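Heads up, the sequence shown is in the working numbering, so the first residue is 10 and it goes up one at a time. Just so you know, even glycine gets a beta-carbon here, dropped at the ideal spot from N, CA and C. Note that the structure is predicted; figures quoted are calculated from it, not measured. Working notes for the structure below.
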Amino acid sequence: MNHPRHPNPTVLIALLATCWLGQAAAVDISGGTEQDRQRMVEIAQQWVSNYLDGDLDSMMTLMDEDAMIMAEGQATVRGTEAVRAFLATRVGQPGVSFHDDLQEIRIKGDWAFVRGAFALEVAPREEGQAPYRRKGRYLVLYEKNEAGEWLMLRDMDNAAPMAE
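Here is the structure:
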C-alpha cells in the first residue's frame, strides 16, 4: 500500500477549520495556495471572535474600503464608515451566542468566496421575554489587494428555516 509522506494540505486546513470553529463537518476548500486557504479560515475565525468580543477595530481591518453588507430585510450598507456604524450596534453585545458553520471556501486568483450558515441567539433583556433567535446562511466575497491582503468586499445573508 502506498502512503503519502505528507497529508493533503486542503484536508489539513479543513480539519483545522473544523477544530477552530467547532464544526462537526469538514469545510469544502478549493483553489488558491495553501497560504491563501489557511488565511481564509483564519479570517472566518477572527470575524467570529471579534464579533463576540466587540473588537470593531479588528473587524474593520478585514474590510475593503468599498465593502457592502447586505443583511436580510435591511438597506445595503456601503463603504467603511457606514459598515462601521452598522456593525457598532451589533458587536460585543452581552448575552449573545453566535455559532458559525463554515461550509465552503473557493479561491480563484485574487477572488474568493466563503459560504456557510450561522445561528444567533440573544438573551432577553427583561425577565419573561423569550430570547431572540435567528438562523441564516451567508455568502461573503473577498478580494486580495495589491499588498496581498484578503479583504471583504461583499457580505450577504438571508434567513434559514429554524429546523434546517
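Keeping to the same chain, check which residues put their C-beta closer than 7 Å to that of D73; ignore five residues upstream and five downstream. E152, L160, M161 and L162
Can you find the residues in the same chain that come closer than 7 Å, C-beta to C-beta, to N154, ignoring five residues on each side of it along the sequence? L160
Helix, strand or coil at Q55 [DSSP, three-state]: helix
Specify the secondary structure class of L96 as computed by DSSP and reduced to three states. Three-state DSSP puts L96 in a helix.
Suppose you measure from the CA of W56 to the CA of P170; what does that come to, to the nearest Å? Taking the straight line joining both Cα atoms gives about 24 Å.
I'd like the list of long-range same chain contacts for A168, defined as Cβ closer than 6 Å, with 5 residues on each side in sequence excluded. E81 and G145
Just mark I164 as buried or exposed, buried being the case when its beta carbon has 16 or more other beta carbons within 10 Å. Before going on, a small fix: residue 164 reads as Asp here, not Ile. D164 is buried by the Cβ-count criterion.
In chain order, what residues of the same chain lie with their CB nearer than 7 Å to the CB of A97, ignoring the 5 residues before and after it? L65
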